Amino acid sequence: FPELDDFVRRRRVSKSVHSGRGYTGRISSYQQQQRAFKRAEKLQDSLDPDNPSFVKTMVRSHVSSCFWLGLPSSFCKDHLPPREHKMVLEDEEGVEFDAVYIGNRTGLSGGWRGFSMHHDLEDGDSLVFELAEPDRFKLIFC
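My numbering puts the first residue of the sequence shown at 61, with every later residue one more than the last.
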């Protein structure tokens, strides 16, 4: 059964597991941020047009201290529920992280910290968020 094979291949990371090096405080230059953002936009253009997506550039509050990730409000209004909703964040390797979408604040909490730390995200990194299913974001790093 291919569905079972796919299910078995998926890996979940618990909230307590962290394999990243941690936030270094690296601050990327404006030019580095712009290059990453342009790469992300180009990659976004190559995605399935039936799956809504957006590009998000990380700032310090997304990747250290409070780990709050605000999402574009227009995207949330059009594609996500207006209430708290469990989500899965899937990286390019198929590793999954459970997170919580807070509808009235249009942002991710609850599992975003683990995802961010596991992937060593830094200020200035750009990610493409693709809504592959109503409760699943596929994230691509640029």
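Virtual Cβ for every residue (Gly too), placed ideally from N, Cα, C. As the structure is a prediction and not an experimental result, all values here were calculated from the model.
query, result
"Beta bridge counterpart(s) of Met-147 as assigned by DSSP", "Ala-159"
"Ser-169 - partner residues in DSSP beta bridges", "Val-160"
"Phe-97 (DSSP reduced to helix, strand or coil)", "helix"
"Residues near Arg-81 by beta carbon distance below 8 Å, same chain, minus five either side", "Note that Arg-81 scores 47 on pLDDT, short of 50, meaning its location in the model is unreliable; the coordinates nonetheless yield the value given after this. So the qualifying residues of the chain are Asp-180."
"Cut-off 6 Å between Cβ atoms - residues of its own chain near Phe-114, not counting five sequence neighbours on either side", "Pro-132, Phe-135 and Phe-189"
"Expected contact under 8 Å - CB spacing of Leu-187 and Asn-111 to nearest Å", "At roughly 15 Å, the Cβ-Cβ gap does not stay under 8 Å, so Leu-187 and Asn-111 are not in contact."
"Rounded Cβ spacing between Glu-6 and Leu-199 (contact assumed at less than 8 Å)", "Coverage of the chain is limited to positions 61 through 202, which leaves residue 6 absent and any answer about it impossible."
"Coarse secondary structure for Val-115, derived from DSSP in three states", "strand"
"Inter-residue spacing [alpha-carbon to alpha-carbon] between Gln-94 and Met-147", "29 Å"
"Residue burial classification, Arg-173 (beta-carbon count within 10 angstroms, cutoff 16)", "buried"
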